[in-house]
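Undergrad:
2 protein chains.
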Amino acid sequence: MKLTEAKQQFILNWGVLGTQWGINRTMAQIHALLLVSIEPMSADEIMAELKISRGNTNMNVRELMDWGIVEKILKPGERKEFFIAEKDIWVVAMRIIKERKRREVEPVLVVLEQLKEVEGDKNDKDIKQFISMISDIQKFSNQASKGIDGMVKMDEHWFTGTLLKLFK
Amino acid sequence: MKLTEAKQQFILNWGVLGTQWGINRTMAQIHALLLVSIEPMSADEIMAELKISRGNTNMNVRELMDWGIVEKILKPGERKEFFIAEKDIWVVAMRIIKERKRREVEPVLVVLEQLKEVEGDKNDKDIKQFISMISDIQKFSNQASKGIDGMVKMDEHWFTGTLLKLFK
DNA sequence: TAAATCTTTCAGTAAATTTTGAAAGTTCGA
DNA sequence: TCGAACTTTCAAAATTTACTGAAAGATTTA
Numbered sequence: 001m002k003l004t005e006a007k008q009q010f011i012l013n014w015g016v017l018g019t020q021w022g023i024n025r026t027m028a029q030i031h032a033l034l035l036v037s038i039e040p041m042s043a044d045e046i047m048a049e050l051k052i053s054r055g056n057t058n059m060n061v062r063e064l065m066d067w068g069i070v071e072k073i074l075k076p077g078e079r080k081e082f083f084i085a086e087k088d089i090w091v092v093a094m095r096i097i098k099e100r101k102r103r104e105v106e107p108v109l110v111v112l113e114q115l116k117e118v119e120g121d122k123n124d125k126d127i128k129q130f131i132s133m134i135s136d137i138q139k140f141s142n143q144a145s146k147g148i149d150g151m152v153k154m155d156e157h158w159f160t161g162t163l164l165k166l167f168k
Numbered sequence: 001m002k003l004t005e006a007k008q009q010f011i012l013n014w015g016v017l018g019t020q021w022g023i024n025r026t027m028a029q030i031h032a033l034l035l036v037s038i039e040p041m042s043a044d045e046i047m048a049e050l051k052i053s054r055g056n057t058n059m060n061v062r063e064l065m066d067w068g069i070v071e072k073i074l075k076p077g078e079r080k081e082f083f084i085a086e087k088d089i090w091v092v093a094m095r096i097i098k099e100r101k102r103r104e105v106e107p108v109l110v111v112l113e114q115l116k117e118v119e120g121d122k123n124d125k126d127i128k129q130f131i132s133m134i135s136d137i138q139k140f141s142n143q144a145s146k147g148i149d150g151m152v153k154m155d156e157h158w159f160t161g162t163l164l165k166l167f168k
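Residue numbers (the UniProt record's numbering), protein chains in the order written: chain A, 1 to 168; chain B, 1 to 168.
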């Protein structure tokens with residue numbers, strides 16, 4: 001398999017994985033494309049490579065920047081904007097996890113906290129079991145958070161150097 | 001807030017969270033409903049509660065059973081089938097994580113392994129960076145796996161007893 | 001300040017996913 | 001072996017989500 005083809009395969013697979021985890025296909029593909037691209041890419045190049053529209057490109061690149069895993073850079077003497085992805089996979093993963101937690105999980109936790117204040121006799125069997133269920137979810141969430149924090153700290157230099165870091 | 005209302009809120013929120021993580025809304029809602037229901041529920045009861053069709057109910061309950069977090073039970077003398085959810089949140093979470101890994105992540109890892117066998121000079125800058133990117137993803141994936149396994153073992157009795165366990 | 005070049009927005013369209021409901025399938029008791 | 005009670009299937013419809021492309025907005029340079 002040629003390098004170009006391998007990169008395409010990578011992009012395609014990354015797109016599918018994204019879809020399954022609630023991330024839109026194009027966004028995941030642009031991310032993959034930038035991950036395997038040494039040079040920063042312009043919107044036009046991304047459009048051409050993935051065969052998508054300008055609007056689509058713009059929206060998803062912006063979203064990737066919101067997630068903090070893609071950056072806009074300007075080349076001296078060039079009018080166009082170029083984009084690069086954070087190449088350190090560990091950093092990428094942690095940003096994604098933190099962001100998803102903040103955006104999606106935490107709002108639910110706020111609601112759960114409220115739900116615990118359900119009216120009625122706290123000794124009532126039904127109410128007891130409901131509160132206990134909610135508490136367990138909260139406990140789980142806390143444990144998971146701690147686990148992840150542990151992972152963040154886990155040997156910060158676990159990965160061997162790569163050429164990719166040229167862009168850091 | 002009344003218990004009934006609180007349960008509804010829980011179900012709704014669980015549904016939204018599911019959607020964001022690539023799980024269909026109804027499936028997440030049925031799961032939530034069974035989580036907060038003390039008694040096993042029949043398809044008819046689920047349909048009525050969530051206002052969904054028989055077909056939809058059937059498909060999603062089956063899917064939940066495939067994930068190993070909902071079980072079918074038969075009541076003696078009853079023709080209908082009833083369903084209960086695994087109530088231990090820790091067990092639920094671990095099943096989901098393991099299943100998603102198996103179904104969604106591992107197939108990608110297989111592809112990645114293949115992609116490392118890209119043709120060409122392994123000293124070529126482009127090829128080097130591509131392989132190194134793939135390797136980093138593999139390494140990350142391994143570390144995460146280990147981290148999760150660690151969590152599984154982490155104090156297996158972290159949670160205090162709940163009435164929910166009556167159904168275990 | 002006008003024109004050229006590039007970016008952003010968003011209404012309309014397209015694609016993907018989910019849901020329905022009726023028909024077919026199954027099981028069981030009489 | 002019939003039919004009542006229930007479950008499963010799946011084509012079509014509904015809904016949700018993503019994408020396009022043209023127009024408006026911004027920025028730079030001449």
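Just so you know, even glycine gets a beta-carbon here, dropped at the ideal spot from N, CA and C.
1. Helix, strand or coil: how does DSSP classify Met1/A here?
2. Would a check of beta-carbon distances place Phe10/B closer than 7 Å to chain A?
3. Against chain A, with Cβ distances strictly below 7 Å, would Val108/B count as a contact?
4. Could you tell me the distance, in whole angstroms, from the CA atom of Pro40/A to the CA atom of Lys122/B?
5. Any idea what DSSP makes of Val108/A, helix, strand or coil?
6. For the beta strand (DSSP E) that contains Glu71/A, what are its first and last residues?
7. Considering only the beta carbon of each residue, do Ile89/A and Asp136/B sit closer than 7 Å?
8. With DSSP as the reference, identify every bridge partner of Ala85/A, one or two as the case may be.
9. Would you call the region 54-72 of chain A in contact with the region 11-31 of chain A, where contact means no fewer than 3 C-beta pairs closer than 8 Å?
10. Pull up the DSSP beta-bridge partners for Ser42/A, would you.
11. Roughly how many whole angstroms lie between the Cα atoms of Arg62/B and Leu74/B?
12. Name the residue from Val92/A, Leu115/A, Asn56/A, Val91/A whose alpha carbon lies nearest to the alpha carbon of Gln138/A.
13. Would the region 103-112 of chain B and the region 1-20 of chain A be scored as touching if the rule is three or more Cβ pairs under 8 Å?
14. Do you know how far the Cα of Met47/A is from the Cα of Ser37/A?
15. Exposed or buried, what is Ile142/A when buried is set at 16 or more other beta-carbons lying within 10 Å of its beta-carbon?
16. Beta carbons nearer than 9 Å to chain B: which residues of the region 97-127 of chain A have them?
17. Note down, in chain order, every chain B residue with its Cβ under 7 Å from the Cβ of Met27/A.
18. Going along the UniProt domain "HTH marR-type" (22-77) of chain B in order, which residues come within less than 7 Å of chain A, judged by CB to CB distance?
19. Quick check on Gly18/B: buried or exposed, where buried means 16 or more other Cβ atoms within 10 Å of its Cβ?
20. Please decide whether Ile89/B counts as near chain A, where near means a Cβ-Cβ distance under 7 Å.
21. What would DSSP say about Ser53/B, mapped onto helix, strand or coil?
22. Please classify Val61/B: does DSSP put it in a helix, a strand, or coil?
23. How big is the Cα-Cα spacing for Gln9/B and Asp124/B?
24. Give me the chain A residues within the contact set of Lys2/B, using Cβ-Cβ distance strictly less than 8 Å, ordered along the chain.
25. Phe130/B CB to nearest chain A CB: under 7 Å?
26. Check the Cβ of Ile147/A against every Cβ in chain B and list those closer than 9 Å, keeping chain order.
27. In whole angstroms, what is the alpha-carbon distance linking Gly150/A and Lys98/B?
28. Going by the CB atoms, is the gap between Thr26/A and Asn56/A shorter than 7 Å?
29. Output yes or no for whether 7 Å exceeds the beta carbon distance between Glu104/B and Gln20/A.
30. If you measure between the beta carbons of Glu71/A and Ile84/A, is that distance less than 7 Å?
TA: For this structure:
1. coil
2. yes
3. yes
4. 23 Å
5. helix
6. 70-74
7. yes
8. Val70/A
9. yes
10. Phe82/A
11. 15 Å
12. Leu115/A
13. yes
14. 14 Å
15. The displayed chain sequence assigns Asn, not Ile, to residue 142/A. Asn142/A is exposed by the Cβ-count criterion.
16. Arg100, Arg103, Glu104, Val105, Pro107, Val108, Val111, Leu112, Gln114, Leu115, Lys116, Glu117, Val118, Glu119, Gly120, Asp124, Lys125, Asp126, Ile127
17. Ordered by position in chain B, no residue passes the 7 Å Cβ test against Met27/A, which lies about 13 Å from the chain.
18. Gly22, Leu35, Val36, Ile38
19. buried
20. yes
21. coil
22. helix
23. 57 Å
24. Val118, Glu119, Gly120
25. yes
26. What sits at residue 147/A in the sequence shown is Gly, not Ile. Under the 9 Å cutoff, chain B gives Gly147, Ile148, Gly150, Met151, Met154.
27. 20 Å
28. yes
29. yes
30. yes
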